[in-house]
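Data first, discussion second: the structure below is written as C-alpha coordinates.
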Amino acid sequence: MNFSKVYIQFFLVLITLIIAVSTEDIQKIGDRNAKQVSIRLNRNQENRIN
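Written out as C-alpha coordinates, the structure is:
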(Lines of atoms letter the chains of each structure in order from A and count residues from 1; the text may use other names and numbers.)
(Lines give C-alpha, C1' and ligand atoms only; values in the text may rest on other atoms or scores of the structure.)
Protein backbone atom coordinates (compact mmCIF):
# COMPACT_ATOMS: atom_id res chain seq x y z
CA MET A 1 0.00 0.00 0.00
CA ASN A 2 2.76 2.43 0.96
CA PHE A 3 4.79 1.53 -2.13
CA SER A 4 1.84 2.20 -4.45
CA LYS A 5 1.36 5.69 -2.94
CA VAL A 6 4.99 6.54 -3.64
CA TYR A 7 4.63 5.16 -7.17
CA ILE A 8 1.51 7.29 -7.79
CA GLN A 9 3.25 10.43 -6.48
CA PHE A 10 6.27 9.77 -8.69
CA PHE A 11 3.97 9.27 -11.68
CA LEU A 12 2.17 12.57 -10.96
CA VAL A 13 5.49 14.43 -10.70
CA LEU A 14 6.58 12.89 -14.01
CA ILE A 15 3.34 14.01 -15.69
CA THR A 16 3.68 17.58 -14.35
CA LEU A 17 7.29 17.73 -15.60
CA ILE A 18 6.22 16.55 -19.06
CA ILE A 19 3.41 19.14 -19.13
CA ALA A 20 5.81 21.90 -18.02
CA VAL A 21 8.33 20.99 -20.74
CA SER A 22 5.65 20.77 -23.44
CA THR A 23 4.11 24.15 -22.48
CA GLU A 24 7.61 25.69 -22.59
CA ASP A 25 8.07 24.32 -26.11
CA ILE A 26 4.65 25.67 -27.12
CA GLN A 27 5.62 29.12 -25.79
CA LYS A 28 8.88 29.03 -27.78
CA ILE A 29 6.98 28.12 -30.95
CA GLY A 30 4.49 30.93 -30.23
CA ASP A 31 7.32 33.43 -29.72
CA ARG A 32 8.89 32.36 -33.01
CA ASN A 33 5.56 32.79 -34.85
CA ALA A 34 5.05 36.21 -33.25
CA LYS A 35 8.52 37.31 -34.38
CA GLN A 36 7.81 36.15 -37.94
CA VAL A 37 4.50 38.03 -37.96
CA SER A 38 6.13 41.23 -36.66
CA ILE A 39 8.88 40.94 -39.29
CA ARG A 40 6.22 40.57 -42.02
CA LEU A 41 4.32 43.60 -40.68
CA ASN A 42 7.51 45.68 -40.64
CA ARG A 43 8.26 44.67 -44.25
CA ASN A 44 4.74 45.63 -45.32
CA GLN A 45 5.11 49.06 -43.69
CA GLU A 46 8.50 49.58 -45.37
CA ASN A 47 7.00 48.66 -48.75
CA ARG A 48 4.19 51.19 -48.24
CA ILE A 49 6.68 53.93 -47.33
CA ASN A 50 8.82 53.17 -50.38
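If you're matching positions, the sequence shown starts at 9 in my numbering and goes up one per residue.
C-beta atoms are modelled at their ideal positions from N, C-alpha and C, and glycine is treated no differently.
**Report entry** Gln53 versus Lys43 - alpha carbon distance
**Finding:** One-based indexing of the sequence shown puts residue 53 at position 45. One-based indexing of the sequence shown puts residue 43 at position 35. Between Gln53 and Lys43, the C-alpha separation is close to 15 angstroms.
Query raised in the report: Just the Cα atoms here: how many angstroms apart are Val21 and Asn50?
Result: To locate residue 21, count along the sequence shown from 1; it is residue 13. To locate residue 50, count along the sequence shown from 1; it is residue 42. Computed Cα separation, rounded: 43 angstroms.
Query raised in the report: Going along the chain, which residues of its own chain have a beta-carbon closer than 7 angstroms to the beta-carbon of Asn10, five neighbours each way excluded?
Result: Here residue 10 is taken as the residue at index 2 of the sequence shown, counted from 1. Excluding sequence neighbours, Asn10 sits near nothing in its chain.
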